[in-house]
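**Q**
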Amino acid sequence: MVKNLQRFYKANYIKDNKMKENTLLSPIILGNMQLKNRMVMAPMTRNRAGEGNVPTELMAKYYQQRSGAGLIITEASQISQQGMGYPATLGIYSKEQIDGWKHITNTVHKEDGKIFIQLWHVGRISHPDYHNGEPPVSPSAVKPTGQAFTYEGLKDFVEPRALDKKEIKAIVNDYKRAAVNAKEAGFDGIEIHAANGYLIDQFLIDKTNKRTDEYGGSIKNRALFLFEVLDATLEVWPSSCVGIRLSPSGLFNDMGDSDPVALFGYIIEKLNDYQLAYLHLIEPLMSIDEFPQLVKQVGSYYGKIYKGVRMINGGFTKETGNSAIQNNIAELVSFGVSYLANPDLEKRFEIGVDLNIPNQETFYGGNEVGYTDYPGLTKE
């Protein structure tokens, strides 16, 4: 009965020009869920995982504090040990990890919150230190510029090993197993991380994909891995509980396609057939003035192609977020650093009070300082 609610929403409310009545604080139907507002806590790596990449009690408090968001998307969580590329990042492939996440989803649900987990494989953005001395994997043996974060500090990236077709199928199955684990852990849905230069993005982009088989060459071939992963997760979850994140104008992690408009236009048009929970689009994270092939206003441009619920991310404020919703650029807006430093961000937007100032020195790693100790509004 609720399968096509998001399509009904766009077909009627937008057509009737009622979007201008909505704000970040307006409720919205997402799949079979009612979100209390249109503010989403964006996925943010915090590097505070416990031993075995297991969620901790401190993390449960962190997410519970932010349950006022319409939707929480967790920090990226690797689907396997092979998918790891940063210190102390969470996984969703062991029983201990599932149990740790289950505690977090329970705490969020007690606060009437909704929470998706972001599924992640970093591909070449890793280091042999994480893989018993073996090189990381990628669609092709193309070494990224820069350095990897390891437990021993920064180390130069190495040339990755190109995956063979049998290994690709195994990774698709890892995504499916992670989707099963996410359901067992009590999540409301999953987000597939296909952005920011990680493995799925590495298959999409011709700078990192030099393959000559069915996974390389044409746009259709380079997108095959993404859609195999998506199809595999949809064997576990209904499409209304699956989102996907893309960075069509992203250069992070030494990326850049020769024809991104054609590439992402094809992908987003094809995603229209899936009736997903949402499409999560990232605005450029850095200056792209010297790259004329890249679209500067990602949400405005690609959002016109997508027919389902659109989520946008990239330095939005209360004012710009409301403008995006009221001008039919997106139905949802995700906030990263703003939610990091303001556990009750939606309440601050509602009342109109100043925001806490984020401490960049505590973004990654550490304890409760800069994590769960940001003050909320006091109750009068």
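If you want our numbering, it's the position in the sequence shown, counting the first as 1, plus 149.
Cβ atoms here follow ideal geometry from the backbone N, Cα and C, with glycine treated the same way.
Can you give me the C-alpha to C-alpha distance between Lys164 and Glu224, rounded to a whole angstrom?
**A** Caution applies to Lys164, whose pLDDT of 37 falls short of 50 and renders its modelled position unreliable; the value that the coordinates give is listed next. Those two C-alpha atoms are separated by around 35 Å.
**Q** State the start and end residues of the unbroken alpha helix (DSSP H) segment that holds Tyr415.
**A** First-last of the alpha helix (DSSP H) with Tyr415: 409–420.
**Q** For the alpha helix (DSSP H) containing Asn462, list its first residue and its last residue.
**A** Here Asn462 belongs to no alpha helix (DSSP H); instead the beta strand (DSSP E) covers 459–462.
**Q** Taking C-alpha atoms, which residue in Leu184, Asn181, Met188 lies nearest to Phe465?
**A** The option with the nearest alpha carbon to Phe465 is Met188.
**Q** Look at Asn462 and Ala191 and say whether their C-beta atoms are less than 7 Å apart.
**A** Contact: yes.
**Q** Is it the case that the Cβ atoms of Leu353 and Tyr364 are separated by a distance below 7 Å?
**A** Their beta carbons are not under 7 Å apart, which means Leu353 does not touch Tyr364 by this criterion.
**Q** For His276, report the span of its alpha helix (DSSP H) as first-last.
**A** From DSSP, His276 is part of no alpha helix (DSSP H); its letter is neither H nor E.
**Q** Rounded to the nearest angstrom, how far is the Cβ of Asp493 from that of Leu526, given a contact under 8 Å?
**A** The Cβ separation is near 6 Å, so the contact holds.
**Q** Quick check on Met435: buried or exposed, where buried means 16 or more other Cβ atoms within 10 Å of its Cβ?
**A** Looking at its Cβ environment, which holds fewer than 16 other Cβ atoms inside 10 Å, Met435 is exposed.
**Q** Assuming Tyr266 is part of the beta strand (DSSP E), what are its boundary residues?
**A** Per the sequence shown, residue 266 should be read as Ile rather than Tyr. That run of the beta strand (DSSP E) goes 264–269.
**Q** For Ala252, name the three-state secondary structure that DSSP assigns.
**A** Note on residue identity: the sequence assigns His, not Ala, to residue 252. His252 falls in the helix class under three-state DSSP.
**Q** By DSSP's criteria, Gly485 is part of a beta bridge. Which residues make up the other side?
**A** BP columns for Gly485 are empty, so no partner.
**Q** Going by other Cβ atoms of all chains shown within 10 Å of its Cβ, with 16 needed for buried, is Leu179 buried or exposed?
**A** Buried is the call here.
**Q** In angstroms with no decimal places, state the Cα-to-Cα distance between Gln446 and Arg360.
**A** Computed Cα separation, rounded: 30 Å.
**Q** Identify the residues that DSSP records as bridge partners of Thr299: which are they?
**A** According to DSSP, which records beta bridges pairwise, Thr299 is partnered with Gly302.
**Q** Give me, in chain order, the residues of the same chain whose beta-carbon lies closer than 6 Å to that of Glu432; leave out the 5 immediate sequence neighbours on both sides.
**A** Correct list, in chain order: Val447, Gly463.
**Q** Is it the case that the Cβ atoms of Tyr212 and Ile253 are separated by a distance below 7 Å?
**A** Contact flag set, yes.
**Q** According to DSSP, which residues form a beta bridge with Ile247?
**A** Answer by DSSP bridge pairing: none, since Ile247 is not bridged.
**Q** Does the distance from the CB of Glu340 to the CB of Gly262 come in under 7 Å?
**A** No, Cβ-Cβ distance for Glu340 and Gly262 is not below 7 Å.
**Q** By a C-beta neighbour count over all protein chains shown, 10 Å radius and 16 as the cutoff for buried, is His276 buried or exposed?
**A** It counts as buried.
**Q** Tell me whether the region 451–459 and the region 478–489 touch, counting them as touching only if at least three CB pairs, one residue from each stretch, are closer than 8 Å.
**A** With a cut-off of 8 Å, the region 478–489 and the region 451–459 count as touching, because enough Cβ pairs lie within range.
**Q** Expressed to the nearest angstrom, what Euclidean distance is found between the alpha-carbon atoms of Glu308 and Gly514?
**A** Approximately 27 Å, taken between the alpha carbons.
**Q** Tell me which same chain residues have a C-beta within less than 6 Å of the C-beta of Gly485, skipping the five on either side of it?
**A** So the qualifying residues of the chain are Ala191, Met193.
**Q** In whole angstroms, give me the CA-to-CA distance for Met150 and Ile222.
**A** Model confidence at Met150 stands at a pLDDT of 39, short of 50, so the residue's coordinates are unreliable and nothing is read from them.
**Q** What residues are listed by DSSP as bridge partners for Gln183?
**A** Note: Gln183 sits in a beta bridge opposite Ile178.
**Q** In terms of residues, what are the limits of the alpha helix (DSSP H) holding Val189?
**A** Taken as a continuous stretch (DSSP letters only), Val189 belongs to no alpha helix (DSSP H), being part of the beta strand (DSSP E) at 188–190.
**Q** So for Tyr427, helix, strand or coil by DSSP?
**A** Residue state, collapsed to three classes: strand.
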